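Asker: Quick one: this structure, given as structure tokens, is what I'll be asking you about.
Number of protein chains: 2
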Amino acid sequence: MRVPMTIADFLDRAEFGFANSPGVIDEPVQPATPVPTSTYGRLGERVRAWQAGFDALGVGEGERVAVVSQNSARLLELLFAVPMSGRIAVPVNFRLRSEEIEYVMRQSGASVVLVDPEVEQATAGVTAKHRFVLGERTETELMRFGVEPRPWSNPDEDATATINYTSGTTARPKGVQLTHRNIWVNGLTFGLHTRAWERDVYLHTLPMFHCNGWGMPYVMAGLGVKQVVLRKVDGAEILRRVDEHGVTLMCGAPAVWNAVLDAAAGWDGAIPGRDRVRIVCAGAPPPSRTIQRVEEELGWEFTQIYGLTETSPVLTFNRTRPEDAALPAEERARKLSRAGVPALGVRLRVADSGEVLARSNVVLDGYWEKPEETAAVLEDGWFHTGDGGSIDAADGHLTISDRKKDVIITGGENVSSIEVEDTIFSHPGVAEVAVIGVPDTKWGETIKALVVRAPGAEVDEAEIIAHCKAHMAGYKAPTSVEFRDAIPRTATGKIQKFKLREPYWEGRDREVN
Amino acid sequence: MRVPMTIADFLDRAEFGFANSPGVIDEPVQPATPVPTSTYGRLGERVRAWQAGFDALGVGEGERVAVVSQNSARLLELLFAVPMSGRIAVPVNFRLRSEEIEYVMRQSGASVVLVDPEVEQATAGVTAKHRFVLGERTETELMRFGVEPRPWSNPDEDATATINYTSGTTARPKGVQLTHRNIWVNGLTFGLHTRAWERDVYLHTLPMFHCNGWGMPYVMAGLGVKQVVLRKVDGAEILRRVDEHGVTLMCGAPAVWNAVLDAAAGWDGAIPGRDRVRIVCAGAPPPSRTIQRVEEELGWEFTQIYGLTETSPVLTFNRTRPEDAALPAEERARKLSRAGVPALGVRLRVADSGEVLARSNVVLDGYWEKPEETAAVLEDGWFHTGDGGSIDAADGHLTISDRKKDVIITGGENVSSIEVEDTIFSHPGVAEVAVIGVPDTKWGETIKALVVRAPGAEVDEAEIIAHCKAHMAGYKAPTSVEFRDAIPRTATGKIQKFKLREPYWEGRDREVN
């Protein structure tokens with residue numbers, strides 16, 4: 001018997017087996033109110049109320065519904081409600097500037113946009129056929145409680161469930177189409193390799209817009225795990241939540257764990273969750289010293305994964321091997337800073353060029369309305385990660401040695417250096433610019449701009465940074481600017497980024513963190 | 001990207017990520033020798049040697065290869081080698097009589113049969129185009145080491161991977177066709193719900209011919225888990241292996257755990273694996289007293305599952321819920337004797353008739369060359385389990401009240417023979433019990449208990465009946481008790497109720513009223 005593998009599998013099991021168990025614990029946001037502490041039974045009712053609302057609004061199957069929101073119970077509900085009814089969810093990074101979000105709206109052709117009250121003002125220019133502010137108002141205006149929604153006419157595991165926009169290497173973000181099957185397989189393998197179960201308590205330290213929270217909202221529901229919403233990353237607040245809710249599992253970029261380590265230094269009393277919490281880190285492996293501190297100062301189990309939005313995202317998984325358990329902490333931490341072994345069902349190989357290639361059911365269906373880019377990234381039946389790496393033949397662990405030259409990962413956010421360069425170049429005082437990632441203890445990498453002034457121009461560092469913040473999300477702005485007389489180029493006029501990076505990364509074994 | 005979900009995913013990950021880790025630990029059999037202690041890298045080489053051997057023999061894709069064997073590394077290898085090359089494996093119960101195996105050979109049309117040396121004589125009449133005895137002889141005669149096998153021409157997740165014959169309650173066994181997708185999904189969900197990981201050590205207490213060892217050989221390989229072969233169930237030997245290999249995970253029918261409990265009573269010293277081992281029990285929920293003893297006397301975590309060969313097999317899973325952890329042991333054990341909540345991706349419902357129905361990707365493709373039986377069991381798009389049950393709306397747990405045929409209807413009341421058996425078994429003087437309905441002029445059917453006394457016990461009929469009436473509604477108590485020396489079971493340990501009933505129903509046109 002073949003049954004379509006869809007997102008419904010996760011919520012249906014939550015409702016069937018965990019109807020009266022704690023489901024999603026929201027947190028308040030001003031001026032709106034949180035969703036009351038909810039069971040999985042209640043989550044199912046609310047999901048159907050959203051769906052019936054979209055039915056009443058005339059939003060058809062296949063239409064795109066965009067959500068611009070911090071982590072919230074409502075965003076989580078929409079990650080189920082939209083795709084389970086055959087519509088397509090477009091979760092958008094709430095830190096993007098209004099013009100950037102407007103581009104996503106246009107490119108995805110979304111007919112509905114829902115925005116969090118906290119970004120209501122900032123997104124005032126973001127419109128669609130239907131626009132709603134999340135909170136009690138949507139419950140009155142849009143949701144239809146107790147009305148049975150129209151079922152998805154033809155549940156199909158190959159249908160697109162979500163479109164997640166990457167910052168990409170080119171100036172314009174691309175929409176990554178993930179199918180129900182992509183998300184299903186990612187959810188099962190991620191749950192399998194993290195050993196998640198109903199006794200876990202999951203804290204959303206990762207933004208849910210980010211590749212659908214790596215699929216965790218789905219598989220946590222499917223396993224009946226209590227999910228605690230966290231709207232903003234704050235180290236001390238994370239420690240308090242771990243204590244208050246008995247949290248056992250979290251995901252996040254290195255910056256999250258650095259924030260927790262900072263907070264732990266000033267924490268009064270025993271660190272909560274010692275020998276109980278396990279964390280999953282991705283984005284870029286942190287320095288092994290950070291890993292060692294997580295294990296020693298927090299007593300939390302550290303696991304590293306590697307993947308991209310295009311891979312749902314989990315490609316590899318790295319947890320201390322049984323045979324390595326007795327190694328010195330430093331050596332263990334060093335091994336944990338590798339990307340890891342492929343998840344079940346993932347094939348990896350390294351091309352002659354050094355690029356890491358992947359084949360798996362977690363690989364994207366395509367980029368939304370970009371057939372050429374899709375064909376290029378899936379050439380020869382393999383997904384081209386754009387990252388350089390190597391595989392240790394002895395234990396099958398992948399190490400990423402060189403990231404796609406133009407992407408900087410800072411605080412877990414991917415930033416296209418080309419986009420930053422374009423923005424800086426639009427300043428009349430700039431003649432030439434190159435943007436690179438340089439190491440940073442807190443953020444993994446941080447953004448540095450090398451600038452050649454236009455003749456006679458007197459532009460300074462503060463002005464460049466302000467210019468960037470006026471035209472892009474703040475996290476994309478450089479944190480430092482250096483002025484040069486020239487930027488060295490190859491004979492054919494290409495900037496060799498790795499040469500520019502070299503002096504900053506000296507003494508490290510790779511040029512990315 | 002769509003990639004076929006096939007059995008290759010499990011072995012490929014084992015070879016990629018665990019090439020040098022312990023894979024399969026065989027045990028000796030006379031007169032043959034065991035496969036030397038093997039890594040997963042070596043397992044991969046041996047699998048390819050089998051495949052190249054079948055190529056040389058001219059065995060084509062889609063042809064059936066039968067294996068009649070006790071648990072052994074070679075049987076495990078063939079469970080990978082045959083389906084991964086597009087052929088179909090037919091694992092056969094080695095305890096069947098020769099004529100029964102001959103029927104399986106004919107019905108499946110197998111062109112190859114491989115038999116374990118221990119059953120070489122008993123299966124002398126079992127022939128096919130090619131017959132081999134497993135052991136060193138096959139390594140010379142059949143296997144081709146170092147020869148690259150012909151790859152499967154068109155890997156297809158919907159292709160049949162194995163045909164497993166059910167012992168069935170009807171006269172002739174039926175061949176259950178499981179596809180690669182069936183086995184893939186069962187493996188992932190079983191691994192997920194048992195929280196299996198690379199630090200586990202799995203002991204094969206379950207026959208691998210039995211629904212491919214419930215899929216465990218596959219998912220254990222995929223997770224890099226060391227697998228220890230056990231040829232014969234023996235309680236003391238299981239305890240020794242748990243000790244010797246640091247076993248953490250086992251599967252089996254209640255009889256296995258009874259054997260271990262018996263051995264534990266005479267075990268010298270601390271029980272191995274206390275607070276480390278978890279066991280998975282299926283076949284029929286054991287009496288709750290057995291569950292309680294497993295937890296108290298062995299200190300092993302008990303989980304109950306429910307399924308059938310037709311469902312790959314895992315449909316439901318029952319482990320103590322976090323909210324039940326503090327319950328009294330007896331109450332916890334009672335709850336654990338239920339079938340459990342559906343595995344991820346499984347939908348269950350109970351038909352008006354009381355029959356349990358299931359929909360899932362683990363449900364069989366069909367019965368081999370039996371279109372009518374296939375259509376009947378999959379009527380209306382649901383798999384008909386043939387078992388009667390009920391679902392607790394509060395926590396979604398399924399309870400199997402009876403094999404449909406084993407419901408006794410007496411005086412208009414439905415009585416579950418399992419419930420009566422459970423009650424009788426709770427009497428300390430009882431070693432084994434089977435409860436059946438026998439014809440009765442007044443009540444239609446009346447309840448009869450067949451009892452094997454515990455060693456040294458002197459319990460009599462009146463005492464059994466009084467014990468039942470003290471613990472259940474009066475109508476559920478047997479009206480007669482017969483004492484036996486043993487209760488006959490099938491090769492897989494099942495009591496065949498229809499055989500027990502036969503003598504009482506002679507000359508009637510059906511076996512229930």
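In the order they appear, the protein sequences are chains F and R. FYI, full-length UniProt numbering numbers position 136 of the first sequence as 136, with every residue one higher than the one before it. FYI, full-length UniProt numbering numbers position 27 of the second sequence as 27, with every residue one higher than the one before it. Where a beta carbon is used, it is the ideal one built from N, C-alpha and C, also for glycine. All figures in this text were calculated on a predicted structure; none of them were measured in a lab.
1) Under 8 Å: do the segment 153-168 of chain R and the segment 84-93 of chain R share three or more Cβ pairs, one atom per stretch?
2) With a threshold of 8 Å on Cβ separation, who are the neighbours of GLU296 of chain F within its own chain once the five nearest residues in sequence on each side are excluded?
3) As an exercise, report each continuous alpha helix (DSSP H) stretch of at least 4 residues that is fully enclosed by the segment 318-401 of chain R, in chain order.
4) Rounding to the nearest angstrom, what Cα-Cα distance links ARG13 of chain R and ASN20 of chain R in this structure?
5) Kindly indicate which residue of R:CYS281, R:ASP275, R:VAL242 has the alpha-carbon position closest to the one of ASN258 of chain R.
6) Please say whether LYS129 of chain R and VAL112 of chain R have beta carbons closer to each other than 9 Å?
7) Consider the Cβ of MET216 of chain F: report whether some Cβ of chain R lies at a distance smaller than 9 Å.
8) Relative to the C-alpha of VAL119 of chain F, which residue among F:GLU136, F:GLN70, F:ILE7, F:ILE436 is closest?
9) Does the Cβ-Cβ distance between VAL35 of chain R and GLU77 of chain R come in under 9 Å?
10) Reducing DSSP to helix, strand and coil, say where GLU458 of chain R ends up.
11) In the DSSP output, what is GLY444 of chain R paired with across the bridge?
12) To the nearest angstrom, how far is it from the Cα of GLY44 of chain F to the Cα of PHE145 of chain F?
13) Is there a Cβ from chain F that is less than 9 Å from the Cβ of TRP197 of chain R?
14) Whole-angstrom Cβ separation of ILE7 of chain F and TYR218 of chain F, contact assumed at under 8 Å?
15) Closer than 6 Å by C-beta to VAL82 of chain R: which residues in its own chain qualify, once you throw out the five before and the five after it? Chain order, please.
16) Out of F:ILE391, F:HIS210, F:PHE54, F:HIS204, point me to the one whose CA is closest to ASN164 of chain F's CA.
17) Quick one: list the residues of chain A neighbouring ALA282 of chain R, beta-carbon separation under 8 Å, in chain order.
18) Where in the segment 51-89 of chain R do unbroken runs of the alpha helix (DSSP H), each at least 4 residues long, occur, reported from the N-terminal end onward?
19) Please name the residue, chosen from R:VAL341, R:VAL433, R:GLY354, that lies closest to ALA393 of chain R on a Cα-to-Cα basis.
20) Give me the residue from F:LEU298, F:PRO254, F:LEU249, F:GLN304 with the minimum Cα distance to ARG278 of chain F.
21) Looking only at its own chain, which residues have a Cβ that is under 6 Å from the Cβ of GLY23 of chain F, when we skip the five neighbours before and after it?
22) Check each candidate in R:ASP268, R:ALA265, R:VAL294 and name the one with the smallest Cα separation from ARG274 of chain R.
23) Would LEU134 of chain F pass as an interface residue toward chain R - the criterion being a Cβ-Cβ separation below 9 Å?
24) Is the segment 471-489 of chain R touching the segment 436-452 of chain R, taking contact as three or more C-beta pairs under 8 Å?
25) Quick check on LEU344 of chain F - is its C-beta less than 9 Å from some C-beta in chain R?
26) Could you give the residue range of the alpha helix (DSSP H) that holds GLU301 of chain R?
27) I think MET1 of chain R touches ASN361 of chain F, with their Cβ atoms under 8 Å apart; what is that distance to the nearest whole Å?
28) Let me check understanding here. Comparing Cα to Cα, which of R:VAL346, R:ALA161, R:ILE464, R:VAL356 lies closest to PRO91 of chain R?
29) Is the segment 343-351 of chain F touching the segment 411-430 of chain F in the sense that three or more CB pairs, one from each, lie closer than 8 Å?
30) Could you pull the start and end residues of the alpha helix (DSSP H) that LEU192 of chain R belongs to?
31) Taking just the CA atoms, how far does VAL452 of chain F sit from ILE424 of chain F?
32) Taking the Cβ atom as the reference point for each residue, do PRO254 of chain F and GLY283 of chain F lie within a distance shorter than 9 Å?
33) Return the residues of the segment 374-386 of chain F that lie within a Cβ-Cβ distance of less than 7 Å from chain R, sorted by chain order.
34) Please say whether GLU139 of chain F and ALA73 of chain F have beta carbons closer to each other than 9 Å?
35) According to DSSP, is GLN496 of chain R part of a helix, a strand, or is it coil?
36) Nearest by alpha-carbon distance to PRO455 of chain R: which of R:PHE10, R:GLU421, R:LYS469, R:ARG484 is it?
Answerer: Walking through what the data contain:
1) Yes, they touch.
2) Working through the first sequence from its first residue, we reach residue 296 of chain F at position 296. Listed in chain order, the non-local C-beta contacts of GLU296 of chain F below 8 Å within the same chain comprise ALA329, local neighbours out to five positions each way being set aside.
3) Correct list: 329-336, 371-377.
4) In the second sequence, the residue the question calls residue 13 of chain R occupies position 13. In the second sequence, the residue the question calls residue 20 of chain R occupies position 20. For ARG13 of chain R and ASN20 of chain R, the distance between alpha carbons rounds to 12 Å.
5) Mapped onto the second sequence, residue 258 of chain R falls at position 258. If we check each option's Cα against that of ASN258 of chain R, R:CYS281 comes out closest.
6) Walking along the second sequence from the start, residue 112 of chain R turns up at place 112. Walking along the second sequence from the start, residue 129 of chain R turns up at place 129. Yes, Cβ-Cβ distance for VAL112 of chain R and LYS129 of chain R is below 9 Å.
7) As a first step, residue 216 of chain F must be located in the first sequence, where it is residue number 216. No, MET216 of chain F lies away from the interface with chain R (no Cβ there is under 9 Å from its Cβ).
8) Walking along the first sequence from the start, residue 119 of chain F turns up at place 119. Out of F:GLU136, F:GLN70, F:ILE7, F:ILE436, F:GLN70 has the C-alpha closest to the C-alpha of VAL119 of chain F.
9) Against the second sequence, residue 35 of chain R aligns to sequence position 35. Against the second sequence, residue 77 of chain R aligns to sequence position 77. Against a cut-off of 9 Å, the Cβ pair of GLU77 of chain R and VAL35 of chain R comes out as a contact.
10) The residue labelled residue 458 of chain R in the question sits at position 458 within the second sequence. GLU458 of chain R falls in the coil class under three-state DSSP.
11) Position 444 of the second sequence, counting from 1, holds the residue named residue 444 of chain R. Looking at the DSSP assignment, GLY444 of chain R forms a beta bridge with R:THR410, R:ASP440.
12) As a position in the first sequence, residue 44 of chain F is number 44, starting the count at 1. As a position in the first sequence, residue 145 of chain F is number 145, starting the count at 1. Pairing GLY44 of chain F with PHE145 of chain F, the inter-Cα distance amounts to about 11 Å.
13) Locating residue 197 of chain R in the second sequence gives position 197, counting from the first residue. At least one chain F Cβ lies under 9 Å of TRP197 of chain R.
14) Within the first sequence, numbered from 1, the residue matching residue 7 of chain F stands at position 7. Within the first sequence, numbered from 1, the residue matching residue 218 of chain F stands at position 218. About 6 Å separates the beta carbon of ILE7 of chain F from that of TYR218 of chain F, a gap short enough to meet the 8 Å contact definition.
15) For the purposes of this step, residue 82 of chain R is taken as residue 82 along the second sequence, with counting starting at 1. Scanning its chain for C-beta atoms nearer than 6 Å, with the 5 sequence neighbours on each side dropped, one finds around VAL82 of chain R the residues VAL65, ALA89, in chain order.
16) Looking up residue 164 of chain F in the first sequence gives position 164. The option with the nearest alpha carbon to ASN164 of chain F is F:HIS210.
17) The chain labelled as chain A is not found among the protein chains of the depicted structure, namely F and R.
18) Qualifying alpha helix (DSSP H) stretches, in chain order: 73-84.
19) Translated into positions along the second sequence, residue 393 of chain R becomes position 393. Ranked by how close their Cα comes to the Cα of ALA393 of chain R, the residues R:VAL341, R:VAL433, R:GLY354 have R:VAL341 in first place.
20) Reading the first sequence from its first residue, position 278 is the one you call residue 278 of chain F. Among F:LEU298, F:PRO254, F:LEU249, F:GLN304, the Cα nearest to that of ARG278 of chain F belongs to F:LEU249.
21) Taking the first sequence and counting its residues from 1, one reaches residue 23 of chain F at position 23. Within the same chain, and ignoring the five residues on either side of GLY23 of chain F in sequence, the residues whose Cβ sits closer than 6 Å to its Cβ are SER38, THR39, TYR40, LEU43.
22) Within the second sequence, numbered from 1, the residue matching residue 274 of chain R stands at position 274. ARG274 of chain R has its Cα closest to that of R:VAL294, out of R:ASP268, R:ALA265, R:VAL294.
23) By one-based count along the first sequence, residue 134 of chain F stands at place 134. No, its Cβ sits nowhere closer than 9 Å to a Cβ of chain R.
24) Yes, they touch.
25) Counting from one through the first sequence, the residue named residue 344 of chain F turns up at place 344. It does; some Cβ of chain R falls within 9 Å.
26) On the second sequence, position 301 is the one that residue 301 of chain R refers to. DSSP places GLU301 of chain R outside any alpha helix (DSSP H); the residue lies instead in the beta strand (DSSP E), whose first and last residues are 301-307.
27) The count along the second sequence starts at 1 and reaches residue 1 of chain R at position 1. The count along the first sequence starts at 1 and reaches residue 361 of chain F at position 361. At roughly 7 Å, the Cβ-Cβ gap stays under 8 Å, so MET1 of chain R and ASN361 of chain F are in contact.
28) To locate residue 91 of chain R, count along the second sequence from 1; it is residue 91. Of the listed residues, the one whose Cα sits closest to PRO91 of chain R is R:ALA161.
29) Cβ pair count under 8 Å is below three, so no.
30) On the second sequence, position 192 is the one that residue 192 of chain R refers to. Run containing LEU192 of chain R: 180-194, per the alpha helix (DSSP H) assignment.
31) What you label residue 424 of chain F is simply residue 424 of the first sequence in a count that begins at 1. What you label residue 452 of chain F is simply residue 452 of the first sequence in a count that begins at 1. Each residue's alpha carbon lies about 11 Å from the other.
32) Sequence index remark: in the first sequence, residue 254 of chain F carries index 254 (1-based). Sequence index remark: in the first sequence, residue 283 of chain F carries index 283 (1-based). In contact: PRO254 of chain F and GLY283 of chain F (Cβ atoms closer than 9 Å).
33) Hits within the stretch, in order: LEU378, PHE383.
34) Counting from 1 along the first sequence, the entry for residue 73 of chain F is found at position 73. Counting from 1 along the first sequence, the entry for residue 139 of chain F is found at position 139. Judged by beta-carbon spacing, GLU139 of chain F lies beyond the 9 Å limit of ALA73 of chain F, meaning their Cβ atoms are not closer than that value.
35) Taking the first residue of the second sequence as 1, we reach residue 496 of chain R at position 496. Correct three-state label for GLN496 of chain R: coil.
36) Here residue 455 of chain R is taken as the residue at index 455 of the second sequence, counted from 1. Looking at the Cα atoms, R:ARG484 is the closest of the given residues.
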